[in-house]
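Participant: The opening residue of the sequence shown carries number 49 in the working numbering; numbering runs sequentially from there.
Where is the CB? At the ideal position from N, CA and C, for every residue including glycine.
Take a look at this one; I'll ask things after.
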Amino acid sequence: MSRRTSRTALTIVVIVALLGGGIYYGVYHLLKKARPFAQGEHCIIKTPDGTLDLDVEQTQIAATIAAIAIRRGLSERALQIAYVTAIQESKLANLPYGDRDSVGVFQQRPSMGWGTSAQLQDPVYATRKFFAALEKVKRYRTLPLHDAAQAVQRSADGSAYAQHEPAAKILSAAFTGRVPQAVHCWYPPPDDSVAPQPKAARKQLLRELGDDSSPKRGWVIATWYVAHAQKYGLRKVRYGGVTWTAATGHDGWQKDGKEGGKAVGAVQIA
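This is the structure we're talking about:
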């Protein structure tokens, strides 16, 4: 083989290697960028009691119900009663329809004095009305969850609420912050041209939770922001030495090493 032929062969090998490396690099980053789209939209709620898979809307509503319960100074048991009700009635969805004139998360009826149809399709309003009715139920704190729910709803079959008690316990542990880092969501990242709306997010949080300055509410707030991140275009939520980011939401909360893992300071969003 001549020296010229040998150089030509070597050049071809180098070119092929470079092209192969470039193709691999390009495909790898293309797949990495496409990963959130392939995974769709979803949330996982994980506590020692078990794991739930929810869609983004369900997770937002679960966070809202918890925030309002905490604002009213209600117990985790009261929150669980609300959850078994909302799961049975709507599967934690804000429905514009239902049996007869029932609408919303709790399928409350305007004709029964709960409010207007528009009001009841506001999860904040509907939840407040539910808790106001629950607080009037005698001994609701000691009643079985399904009996307390039935006392508020007066459903045709009150026993149906009982089947959702395990799910309600998982949700209450996660959204009260009793179990930190219990909620993470993922979805296609917002377009770069879409600006995050942290002020709008905080305004809505204050509407639901009220005071957001208490250190005891740190994980309640962080979890609420993750649940509502897609709605307000948030790309990052940081608290207690860990960070959730929209770009890698499927991976959950990741240590950032800035606070040594201690849940101190304010929740940061961007």
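#1: Taking its Cβ as the centre, do 16 or more other Cβ atoms sit within 10 Å of F178, making it buried, or is it exposed?
#2: Give the straight-line distance between the Cα atoms of Q128 and T296, rounded to the nearest whole angstrom.
#3: Determine the direct distance from the alpha carbon of R120 to that of T112, and round the result to whole angstroms.
#4: How long is the line joining the alpha carbons of W122 and T224, rounded to whole angstroms?
#5: To the nearest angstrom, how far is it from the Cα of K264 to the Cα of T271?
#6: For G146 and D259, I'd like the C-alpha separation in whole angstroms.
#7: According to DSSP, what are the bridge partners of L102?
#8: L168 and V151: beta carbons closer than 8 Å?
#9: Tell me which residues share the same chain as V285 and place their Cβ nearer than 6 Å to its Cβ, disregarding the 5 neighbours each side in the sequence.
#10: With burial defined as no fewer than 16 other Cβ atoms inside 10 Å of the residue's Cβ, what is the status of P171: buried or exposed?
#11: Please classify K217 as buried or exposed, where buried requires at least 16 neighbouring CB atoms within 10 angstroms.
#12: Quick one: Cα of A180 to Cα of I118, how far?
#13: By DSSP's criteria, K186 is part of a beta bridge. Which residues make up the other side?
#14: Which value, in whole angstroms, describes the spacing of the CA atoms of K303 and H232?
#15: Given a cut-off of 8 Å on the beta-carbon distance, is the pair I93 and A230 in contact?
#16: In whole angstroms, what separates the C-alpha of S159 from that of D240?
#17: Quick check for students: name the residue ranges of the beta strand (DSSP E) that lie wholly in the region 196 to 239, counting only runs of 3 or more.
#18: For T133, report the span of its alpha helix (DSSP H) as first-last.
#19: Can you tell which of Q108, Y131, A134 has the C-alpha that lies nearest to the C-alpha of K279?
#20: May I ask you to report which of helix, strand or coil DSSP gives Y287?
#21: What's the gap between the Cα of D205 and the Cα of H194?
#22: Spatial neighbours of A314 within its chain, please: CB distance less than 6 Å, with the 5 preceding and 5 following residues excluded, ordered by chain position.
#23: Could you please give the first and the last residue of the uninterrupted alpha helix (DSSP H) stretch that includes Q167?
Facilitator: Concretely, from the data shown:
#1: buried
#2: 30 Å
#3: 13 Å
#4: Inspection of the sequence shows that residue 122 is occupied by Leu rather than by Trp. One C-alpha to the other measures close to 11 Å.
#5: The alpha-carbon atoms of K264 and T271 are separated by roughly 13 Å.
#6: Straight-line Cα distance between these residues: approximately 34 Å.
#7: C91
#8: yes
#9: A270, Y273, V274, W292, I317
#10: buried
#11: That one is buried.
#12: Approximately 13 Å between the Cα atoms of the pair.
#13: DSSP lists no partner for K186.
#14: 14 Å
#15: yes
#16: 46 Å
#17: 231 to 234
#18: 124 to 138
#19: Q108
#20: strand
#21: 10 Å
#22: none
#23: The continuous alpha helix (DSSP H) containing Q167 extends over residues 165 to 168.
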